[in-house]
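Per numbering that gives the first Met the number 0, residue 0 is the first one in the sequence shown, and the count goes up by one each step. For glycine and all other residues, C-beta sits at the position ideal for the given N, C-alpha and C. These numbers come from a predicted model, not from an experiment. Inspection log for the structure reproduced underneath, given as structure tokens.
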Amino acid sequence: MYEQVMSAGSPDGKFWRSKTLGEMSRVEWESLCDGCGRCCLHKLRDEDTDEISYTNVACRLLDLTSCQCSDYAHRQVKVPDCVQLTPASLAEIDWLPPSCAYRLLKEGQDLPDWHPLNTGQKLAITPGGASVSGRAVDERHAGPLEHHLVDWPGRMPRMAKKGASGR
Ligand code: SF4
Ligand code: SF4
0 MYEQVMSAGS PDGKFWRSKT LGEMSRVEWE SLCDGCGRCC LHKLRDEDTD
50 EISYTNVACR LLDLTSCQCS DYAHRQVKVP DCVQLTPASL AEIDWLPPSC
100 AYRLLKEGQD LPDWHPLNTG QKLAITPGGA SVSGRAVDER HAGPLEHHLV
150 DWPGRMPRMA KKGASGR
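Shown next, in the form of structure tokens:
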């Protein structure tokens, strides 16, 4: 279970509606991440159009079962191109998946009903849901990224469209 993050000026605990990303505490900022693992998939950028294409190839540190980084504390030493999300870096990033809480809030949208901060429960690791569980491959075994282009990371999860929670 997730602990509700309460904040002053937000009686219902939904601090992301009353604070800008830059006003959030570290705990609040970190709690926005739903743990889907989609940002840990490799992306390709078209050199001519700048368009982003998603792949199902995951960073070698991503645990493909839990969808968590297996060494979050040392990730930027082990994977130097792992980008640390901050309010400042977020302004420069155009490749976060559309379901990512940071992208949603940056674009002025609300968090979906199924987000852990709304359900009070950790995101279920269910194939076909928001997480990459069951459909990502390890970069060490994947081969050329061009062979792994997929469109699902660039779409909202099915459950988001249904407005269901907990999956
Ligand atoms: S895509 Fe966004 S919500 Fe999902 S794991 Fe990455 S930072 Fe967290
Ligand atoms: S180092 Fe960890 S957080 Fe960074 S991309 Fe890889 S799995 Fe994701």
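So does the stretch 124-143 actually touch the stretch 44-62, counting three or more Cβ pairs closer than 8 Å?
yes
Tell me where the beta strand (DSSP E) around residue 40 begins and ends.
One-based indexing of the sequence shown puts residue 40 at position 41. Here the beta strand (DSSP E) through residue 40 covers 40-44.
Beta-ladder partner(s) of residue 57, from DSSP:
Position 58 of the sequence shown, counted from the start, is the residue given in the question as residue 57. Its beta-bridge partners are 40 and 137.
For ligand 1, is there a heavy atom less than 7 Å away from the beta-carbon of residue 71?
Position 72 of the sequence shown, counted from the start, is the residue given in the question as residue 71. Because no heavy atom of ligand 1 lies under 7 Å away, the Cβ of residue 71 does not count as near it: no.
First and last residue of the alpha helix (DSSP H) that includes residue 132?
As a position in the sequence shown, residue 132 is number 133, starting the count at 1. That residue, residue 132, is in no alpha helix (DSSP H); it is neither H nor E in DSSP.
Beta carbon of residue 100: closer than 7 Å to some heavy atom of ligand 1?
Residue 100 sits at position 101 when you count from the first residue of the sequence shown. Because some heavy atom of ligand 1 lies under 7 Å away, the Cβ of residue 100 counts as near it: yes.
Distance cut-off 7 Å: residue 60 Cβ against heavy atoms of ligand 2:
Looking up residue 60 in the sequence shown gives position 61. It does: the Cβ of residue 60 is within 7 Å (strictly closer) of some heavy atom of ligand 2.
Would residue 71 and residue 84 be called neighbours here (beta carbons separated by less than 8 Å)?
For the purposes of this step, residue 71 is taken as the residue at position 72 of the sequence shown. For the purposes of this step, residue 84 is taken as the residue at position 85 of the sequence shown. It is not a contact, given that the beta carbons lie outside the stated cut-off.
Is residue 115 near residue 33, with beta carbons less than 8 Å apart?
Indexing the sequence shown from 1 puts residue 115 at position 116. Indexing the sequence shown from 1 puts residue 33 at position 34. Yes, they are a contact pair.
Per DSSP, which residues does residue 148 bridge with? Please list them.
To locate residue 148, count along the sequence shown from 1; it is residue 149. Per DSSP, 54.
With a threshold of 7 Å (Cβ to nearest heavy atom), would residue 20 be considered close to ligand 1?
Along the sequence shown, read from residue 1 onward, the residue named residue 20 stands at position 21. No, Cβ of residue 20 sits at least 7 Å from all heavy atoms of ligand 1.
For residue 4, is the classification buried or exposed, using 16 other Cβ atoms within 10 angstroms of its Cβ as the cut-off for buried?
Position 5 of the sequence shown, counted from the start, is the residue given in the question as residue 4. For residue 4, the predicted structure reports a pLDDT of 48, less than 50, and the residue's modelled location is therefore unreliable. The matter cannot be settled from this model.
Considering only DSSP beta bridges, list what residue 81 is partnered with.
The residue given as residue 81 occupies position 82 in the sequence shown. Answer by DSSP bridge pairing: none, since residue 81 is not bridged.
Residue from 87, 90, 60 and 86 with nearest C-alpha to residue 80
Residue mapping note: residue 80 aligns to position 81 of the sequence shown, counting from 1. Residue 60 is the option with its Cα nearest to residue 80.
Quick check: does the Cβ of residue 109 come within less than 7 Å of any heavy atom belonging to ligand 1?
Here residue 109 refers to the residue found at position 110 of the sequence shown. No.
Endpoints, the alpha helix (DSSP H) within which residue 100 is located
Taking the sequence shown and counting its residues from 1, one reaches residue 100 at position 101. Taken as a continuous stretch (DSSP letters only), the alpha helix (DSSP H) holding residue 100 covers 100-105.
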